[in-house]
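Each residue of the sequence shown is one higher than the one before, starting from 1 at the first, in UniProt numbering. Quick reminder that beta carbons are idealized off the backbone N, C-alpha and C, glycines included. As the structure is a prediction and not an experimental result, all values here were calculated from the model.
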Amino acid sequence: MCHSKLLLLLFSLLITICSKLANPAMTKSFLANAELGTIWKNNPSVLHNGFPDDNFSVRLILPSPYGTARISVGSSVDSVPLFACGFFCAGLAATCDAYIFSIFIVNAFSIGDVLYLESPQVVWSANHDRPVKENATVQLTELGDLVLYDADGTLVWSTNTTGKSVVGMNLTGSGNLVLLDHRNMEVWRSFDHPTNTLVTGQVLHLGQKLIASTSATNWAKGKFYLTVLSNGMYAFAGVDTPLAYYRSPTGGNIIANTSAYIALKNGSLEVFTSFRGTEGPDYLIQFPMNAYGLEFVRLDWDGHLRLYQGGNGSWVSSDLLDIADPCSYPLACGEYGVCSNGQCSCPDAGLRQSGLFKLINPREINRGCVLTDSLSCGSAHKTRFLAVANTTRFKIIYNWTTNEEHCKVSCLNDCSCKVAFFLHSNSSSGFCFLASDIFSMISISAQSYSRNFSSYAFIKVQEHKPMLSKGKIAIVVVCSSTFVASVIVSMLIVIRRRSAKLLQDRDIIDQLPGLPKRFCFESLKSATGDFSRRIGVGGSGSVFEGHIGDKKVAVKRLDGINQGEMEFLMEVQTIGSINHIHLVNLVGFCAEKSHRLLVYEYMPNGSLDKWIFAKHQVGPLDWKTRLKIITDVARGLAYLHSDCRQTIAHLDIKPQNILLDEMFAAKVSDFGLAKLIDREQSTVMTRLRGTPGYLAPEWLTSIITEKVDVYSFGIVIMEILCGRRNLDYSQPEESQHLISMLQERAKGNQLMNLIDPRSTDMEFHIDEVLHTMNLAMWCLQVDSNRRPSMSMVVKILEGTMSVETELDLDLVNIDLMMANRTSRWDDVTTQVESILTGPR
Numbered sequence: 001m002c003h004s005k006l007l008l009l010l011f012s013l014l015i016t017i018c019s020k021l022a023n024p025a026m027t028k029s030f031l032a033n034a035e036l037g038t039i040w041k042n043n044p045s046v047l048h049n050g051f052p053d054d055n056f057s058v059r060l061i062l063p064s065p066y067g068t069a070r071i072s073v074g075s076s077v078d079s080v081p082l083f084a085c086g087f088f089c090a091g092l093a094a095t096c097d098a099y100i101f102s103i104f105i106v107n108a109f110s111i112g113d114v115l116y117l118e119s120p121q122v123v124w125s126a127n128h129d130r131p132v133k134e135n136a137t138v139q140l141t142e143l144g145d146l147v148l149y150d151a152d153g154t155l156v157w158s159t160n161t162t163g164k165s166v167v168g169m170n171l172t173g174s175g176n177l178v179l180l181d182h183r184n185m186e187v188w189r190s191f192d193h194p195t196n197t198l199v200t201g202q203v204l205h206l207g208q209k210l211i212a213s214t215s216a217t218n219w220a221k222g223k224f225y226l227t228v229l230s231n232g233m234y235a236f237a238g239v240d241t242p243l244a245y246y247r248s249p250t251g252g253n254i255i256a257n258t259s260a261y262i263a264l265k266n267g268s269l270e271v272f273t274s275f276r277g278t279e280g281p282d283y284l285i286q287f288p289m290n291a292y293g294l295e296f297v298r299l300d301w302d303g304h305l306r307l308y309q310g311g312n313g314s315w316v317s318s319d320l321l322d323i324a325d326p327c328s329y330p331l332a333c334g335e336y337g338v339c340s341n342g343q344c345s346c347p348d349a350g351l352r353q354s355g356l357f358k359l360i361n362p363r364e365i366n367r368g369c370v371l372t373d374s375l376s377c378g379s380a381h382k383t384r385f386l387a388v389a390n391t392t393r394f395k396i397i398y399n400w401t402t403n404e405e406h407c408k409v410s411c412l413n414d415c416s417c418k419v420a421f422f423l424h425s426n427s428s429s430g431f432c433f434l435a436s437d438i439f440s441m442i443s444i445s446a447q448s449y450s451r452n453f454s455s456y457a458f459i460k461v462q463e464h465k466p467m468l469s470k471g472k473i474a475i476v477v478v479c480s481s482t483f484v485a486s487v488i489v490s491m492l493i494v495i496r497r498r499s500a501k502l503l504q505d506r507d508i509i510d511q512l513p514g515l516p517k518r519f520c521f522e523s524l525k526s527a528t529g530d531f532s533r534r535i536g537v538g539g540s541g542s543v544f545e546g547h548i549g550d551k552k553v554a555v556k557r558l559d560g561i562n563q564g565e566m567e568f569l570m571e572v573q574t575i576g577s578i579n580h581i582h583l584v585n586l587v588g589f590c591a592e593k594s595h596r597l598l599v600y601e602y603m604p605n606g607s608l609d610k611w612i613f614a615k616h617q618v619g620p621l622d623w624k625t626r627l628k629i630i631t632d633v634a635r636g637l638a639y640l641h642s643d644c645r646q647t648i649a650h651l652d653i654k655p656q657n658i659l660l661d662e663m664f665a666a667k668v669s670d671f672g673l674a675k676l677i678d679r680e681q682s683t684v685m686t687r688l689r690g691t692p693g694y695l696a697p698e699w700l701t702s703i704i705t706e707k708v709d710v711y712s713f714g715i716v717i718m719e720i721l722c723g724r725r726n727l728d729y730s731q732p733e734e735s736q737h738l739i740s741m742l743q744e745r746a747k748g749n750q751l752m753n754l755i756d757p758r759s760t761d762m763e764f765h766i767d768e769v770l771h772t773m774n775l776a777m778w779c780l781q782v783d784s785n786r787r788p789s790m791s792m793v794v795k796i797l798e799g800t801m802s803v804e805t806e807l808d809l810d811l812v813n814i815d816l817m818m819a820n821r822t823s824r825w826d827d828v829t830t831q832v833e834s835i836l837t838g839p840r
């Protein structure tokens, strides 16, 4: 058991031994261990720092003195840097009530019999997005799971190692928190779950990320991340549309069966890629000789990758990314700041429109600017643009070709858009980029472009509200008196009619038991900030982020609904009655007058399309994650088809309607086009509904079964494996239709040519990938009777059933291809670019 008295005894023993050793090199490393069943509570009962003027609170669980450092007792005080594990809180130690369970480097020294801690540096944390309070607990359970509970008993974090024969926990001398089995093998390692820091000996593998915090004091995930791809180390900025602002230099030829990774060792940061010409790293960042003791690399909140070297109560940092132009850092001048030759200013400086922005800190101009009047998306007519000429950003991928007015209108109508960048040519058209993430802007000279182009940043600002003169106020008051009297009379009439309508509504609700929670329109309006936080838009409406109590939700407001209230409530009753781990949960609804809203659980990682298509892709998903998503969707559809009272055909399966939670578990969403099929029916007749590119051939007859979902699922499998849309008219004509390419490659036994070229990870699992591609072709059989059921698909993915080998490789129906190009049916949804984090 690892209690505070035992810890203090351990440190006292260390001090005694170190003070008597003549040769510091003889000093041993003391590892901290814990046994099953140990419980630690976050309060002063555990060993903690003792300075009354500390600006942090550290409560140690596992100390681990580092290497050969020494501790002296008496008037000559030296500090020793050591790795420790416990609760950490930045802020006023006396009042802090937001802690993270973390591993940190902390300097320890003693005065007399008292041990003191100082200068902590967090290198790993379990709950950076969900801090806990005083009296939270960490427990190494008897079943071998390391868990973190908040003070109210809520489970916050877990290693999920129950049943893996864990017998103990150890904090190594290199700062790696590990769970061990009875053979002393590592079952779980903190090194495998990096946050924003790499320590010596730790490796960042292909596809893993260092994610910066929001600020120096806010540990939540911020706007920057660093990752290693097959061809080098990249740093990305942005949440909705991440763009690379740094890439390590690489060269050489690709080497088969070689994974890329980053390692911090031997006084350098080494970048290994799959493109090596000789043995050793492709790119090496060497550090100066470390005279301080420990060193680590951290991606800081401002996007800088810094080396920290420290000991003896101080830390020295240096920037590692070789970005020569200081303006090229995304936050060189903070949010909204304009960088010009390394100097910072606000966008309205010198434009005769001062007062729109103000500096966050006049003494630190590079901290950035804020709008004087914050934006209100609910009143777009009060929003205008500040045009700043010859201004760009650290990196822009222009979305489309259009004219200046359309570019501005598109930004104006998009709540998430904060700045529209427009590259203008002498012709009527130009190139538009809508930015929802706010970074610094870069002022460039007009000579940077050819004579035919100029660049503008159109920054969305709020209109100032004009003040009324005294005379106008008097007129308004007189007019208002007459108006108020008429309004009162009108309100009485409306209230009477509304009361009658409410009674009618209650009668309808009473007839439909089993409905989810019903919300009034005003409560959802308030929960979404007057529908100001739009996070997505689809064919049937818009989705807004909302908060109901302390729960985050996604509120879908349906547009143009032509069904009556009873019909809508029946649909809600059906959707609300289904409950499955891989179906998005319907929390509640609103049916009030013409308002139709659906309240869903919030899905942090948004829709699948932004993770698999090149235009949105922030970094290729690894094969394990892709296969998990495919399996999750199959299980959700199998439930709809086989385990409900009636068969439910979804009818609109596509990546935009597949949402991902924080662990990339997939859930099917948007049942707006779903159709109920009685068990005794083999087919059902309905008008065409769905999305071009995902429609099964039998839609041409309007007689369908749930097998249309199987066909759409086959399309989605291919899009996940190939990293592109089925229909992509930006490609050359011979490559516009993915399934046509699949048909040709299958007949020529060249399926490997279709695999997502951005993913080297799938090359190491080629047999599994080709097996899954064969499953997709089975789902894509033109004859629906030859397709598997979704229950069979699940068994295949779980390995308990084999894929059909006698397949018809003529997968393309020419009539359907023509219909996909020309369809204009009412219920056919268009392909909309999605940045969705909620159901569509």
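Under the DSSP assignment, Ala126 falls outside any alpha helix (DSSP H); it carries neither an H nor an E label. Taken in chain order, the complete beta strand (DSSP E) segments of 3 residues or longer contained in the region 333–365 are 338–340, 343–345, 357–359. Uninterrupted beta strand (DSSP E) stretches at least 3 residues long and entirely within the region 608–689 occur at 647–649, 658–660, 666–668, 675–677, given in chain order.
By the criterion of at least three beta-carbon pairs nearer than 8 Å, the region 656–668 is in contact with the region 622–639. The criterion of a C-beta distance shorter than 7 Å is satisfied by Leu305 and Leu320. Rounded to whole angstroms, the separation of the alpha carbons of Glu798 and Met233 is 35 Å. The straight-line gap separating the alpha-carbon atoms of Ser759 and Ile717 is approximately 15 Å.
CA-to-CA, the gap between Ser429 and Gln309 works out to about 52 Å. One Cα belongs to Glu733, the other to Ala696, and the distance between them is close to 22 Å. In this structure, Pro194 sits near Leu210, with a CB-CB distance shorter than 7 Å. Inter-residue distance for Val297 and Leu738 is about 43 Å (C-alpha atoms, whole angstroms). For Phe394, the secondary structure class from DSSP, reduced to helix, strand or coil, is coil. Under the criterion of beta carbons closer than 8 Å, Val543 and Leu524 do not qualify as touching, at roughly 12 Å.
If you check the CB distance, Val668 and Val599 do not come in under 7 Å. Contact between Phe101 and Ser119 is ruled out by a C-beta separation of about 20 Å, above the 8 Å threshold. When only Cα atoms are considered, Ser318 and Ala220 end up about 24 Å apart. Under the DSSP assignment, Tyr711 falls in the alpha helix (DSSP H) whose first and last residues are 707–722.
Out of Asp670, Leu640, Thr701, the CA that lies nearest to the CA of Val684 is found in Thr701. With fewer than 16 other CB atoms across the displayed protein chains lying within 10 angstroms of its CB, Asn413 is exposed. DSSP places Val46 in the coil class of the three-state scheme, outside both helix and strand. In the structure shown, Met233 adopts extended strand secondary structure according to DSSP, grouped into three states.
About 16 Å separates the beta carbon of Gly541 from that of Ala527, a gap too long to meet the 8 Å contact definition.
Pairing His650 with Gly693, the inter-Cα distance amounts to about 16 Å.
Note that the C-beta distance between Val710 and Cys779 is below 7 Å.
CA-CA distance, Lys395 to Asp767, rounds to 38 Å.
In this structure, the CA atom of Lys408 is about 30 Å from the CA atom of Asp325. Around the Cβ of Asn749, a 10 Å sphere holds fewer than 16 other Cβ atoms; the residue is exposed.
Distance between Asp282 and Pro788, taken at the CA atoms: about 47 Å.
Counting every other CB atom within 10 Å of its CB across the protein chains shown gives Ser577 a total below 16, marking it as exposed. A straight line joining the alpha-carbon of Thr214 with that of Met773 spans about 40 Å. The Cβ atoms of Phe88 and Val123 do not sit closer than 7 Å to each other.
By a beta-carbon distance limit of 8 Å, Gly86 contacts Ile61. Their separation comes to about 4 Å.
About 6 Å separates the CB atoms of Ala34 and Gly168; that is less than 8 Å, so the two are in contact. Per the C-alpha coordinates, the member of Glu142, Asn42, Val106 positioned closest to Tyr99 is Asn42.
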